[in-house]
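Enquirer: In our numbering, each residue carries its 1-based index in the sequence shown increased by 11. Please read through the structure below; I'll follow up with questions.
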Amino acid sequence: MRLPPLNAVRAFEAVCRHGSILKAAQELKVVRGAVRQQIATLENHFGRKLFTRDGRRLVPTPQASAFAQASSAAFDILLRAASELEGVVPGRIRLGVPSAFAVWWLMPRAADMQASLGDTVDIVPMTMVEPLQMHPELDAVIMGGEYRPAAGITALRFMADEFGPIATPSLAATLSSAPAAMGALTMLVSRSVPKLWDEWFTESGTPPVVFSRAQEFEDLLLALGAARSGLGIALAPRASIEDDLQRGHLVAPYGFISRPSGYSLCCRTPDAKRPAFAALASWLLRCGTPA
C-alpha cells in the first residue's frame, strides 16, 4: 500500500489535536482552505470520511483517531531524528505539570531539583491536564489518573497516588461516618478533572452522593483553595494537599484510597534515554513516594 501524502497527514494530525480546522491552520501557518483541501486529499486516499461533527468540533472516527495517534508518534520520531542529524539536541526540558501538583508538591522541592539537575527544567503549569501528544511545544508532562498508554510515548511511574474528599476541620466535624452525609455540603468541582468525583465513587465502592449544591472552578488549584476557605468539600489527590493535612488546615473525613495509575513522567520514546530526561526521571523516583 502506498503511503498517503505527508502534507495531508500533517494537516490531518493537527486537526485531530485541535478539533478545529482554524486552529490547525494557525499552527501550520496556512489558510483554512488549504487544510480543508489536505483533509479532502487524505479522505480520497483512504476512500472514507475521517471526521464527524460534534457541534463546532471535528471528531475523528475511531479508525482515524488510531491513525492520528500513530501519525503524531511518527512525526515526533522524525523531528527528533532530524534534530540529531543536524547536531541539535535541546538543552532544556519544558515540563508540563498539573497546576495543583506544581504548587503543592513540585515547587517545595524546586531548590532540590535545581541542585540535582541544574537549570535544565522549565516548569509549565497546566490548567487542563492533557496527553503529551496534544502539546508539541512540551517535552514531557506529569500525569496522574489521566494517563492512558499511547504510541510513541514512554511513561515512568514515579509515585503512588491516593485521593479522597477533603474539607476544613470545622466542616468535617458536621459529617457523620456515612459518606452520604456529604450531601449537605457544597460539592466543589474542577473543570480540569470533571470526572474525579465519579472516579472516587466507583473506585472506593461508595454509592454516589446527591449534593445539595455544586460549585465549579476552572482548575483543581482553585477548587482546593475554595475547600481551604470552607466553601465546601472537594476531591483531592493527597500529594497536592499533604502540607495542608500536616498543618491541620484540611482533613480527609473518609480517608484516602490508592489509585493504580499513580503519577507518571511521560516523554516521547526517543527522548527517554537522553541524559537530561534520565536525570529528571531519576530525581522524580528519588523524591516520589514508593509506588
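We put the beta carbon where it would ideally sit given N, CA and C, even for glycine.
Keeping to the same chain, check which residues put their C-beta closer than 6 Å to that of M193; ignore five residues upstream and five downstream.
Expert: Counting from 1 along the sequence shown, the entry for residue 193 is found at position 182. So the qualifying residues of the chain are V220, I244.
Enquirer: What does the Cβ neighbour count give for P205, buried or exposed, with the cut at 16 atoms within 10 Å?
Expert: The residue labelled residue 205 in the question sits at position 194 within the sequence shown. Burial call: exposed.
Enquirer: Please report the distance separating the alpha-carbon of K40 from that of S31.
Expert: What you label residue 40 is simply residue 29 of the sequence shown in a count that begins at 1. What you label residue 31 is simply residue 20 of the sequence shown in a count that begins at 1. Going by the C-alpha atoms only, they are around 14 Å apart.
Enquirer: What's the call for T72, buried or exposed, on a 16-neighbour Cβ count within 10 Å?
Expert: Taking the sequence shown and counting its residues from 1, the one referred to as residue 72 is at position 61. T72 comes out exposed.
Enquirer: What is the DSSP secondary structure of S201, reduced to helix, strand or coil?
Expert: By one-based count along the sequence shown, residue 201 stands at place 190. Strand at S201.
Enquirer: In terms of residues, what are the limits of the beta strand (DSSP E) holding V108?
Expert: Looking up residue 108 in the sequence shown gives position 97. Looking at the DSSP string, the run of the beta strand (DSSP E) that includes V108 is 104-109.
Enquirer: Helix, strand or coil for A302, going by three-state DSSP, please let me know.
Expert: Your numbering for residue 302 matches position 291 in the sequence shown. For A302, the pLDDT reaches just 45, beneath the cut-off of 50, and the residue's location in the model is therefore unreliable, although a value from the coordinates is still provided. The answer is coil: DSSP assigns A302 none of H, G, I, E or B.
Enquirer: Assign S82 to one of two classes, buried (16 or more other C-beta atoms within 10 Å of its C-beta) or exposed (fewer than that).
Expert: Position 71 of the sequence shown, counting from 1, holds the residue named residue 82. Burial call: buried.
Enquirer: Would you kindly work out how many angstroms separate the C-alpha atoms of L33 and L90, rounded to a whole number?
Expert: The residue labelled residue 33 in the question sits at position 22 within the sequence shown. The residue labelled residue 90 in the question sits at position 79 within the sequence shown. Rounded to whole angstroms, L33 to L90 spans 24 Å at the Cα level.
Enquirer: Does the count of Cβ pairs from the segment 182-193 and the segment 274-286 closer than 8 Å reach three?
Expert: No, they do not touch.
Enquirer: Less than 8 Å between the C-beta atoms of R168 and G273, yes or no?
Expert: Against the sequence shown, residue 168 aligns to sequence position 157. Against the sequence shown, residue 273 aligns to sequence position 262. Yes.
Enquirer: Is the segment 230-250 touching the segment 158-173 in the sense that three or more CB pairs, one from each, lie closer than 8 Å?
Expert: Cβ pair count under 8 Å is three or more, so yes.
Enquirer: Return helix, strand or coil for A263, following the three-state DSSP convention.
Expert: As a working note, residue 263 is residue 252 in the sequence shown. A263: coil per DSSP, three-state reduction.
Enquirer: I'd like the span of the alpha helix (DSSP H) that includes G236, first residue to last.
Expert: Indexing the sequence shown from 1 puts residue 236 at position 225. It spans 231-239 - the alpha helix (DSSP H) in which G236 sits, taken as one unbroken run.
Enquirer: Please report how far the alpha carbon of Q257 lies from the alpha carbon of A161, in whole angstroms.
Expert: What you label residue 257 is simply residue 246 of the sequence shown in a count that begins at 1. What you label residue 161 is simply residue 150 of the sequence shown in a count that begins at 1. Each residue's alpha carbon lies about 37 Å from the other.
Enquirer: Compare the Cα-Cα distances from I177 to each of H260, D150, E141, D209 and report the closest residue.
Expert: As a working mapping, residue 177 is identified with position 166 in the sequence shown. Checked all of H260, D150, E141, D209; the closest Cα to I177 is H260.
Enquirer: Out of F62, A19, P147, which one is the CA nearest neighbour of C278?
Expert: Taking the sequence shown and counting its residues from 1, the one referred to as residue 278 is at position 267. The shortest C-alpha separation from C278 is found at P147.
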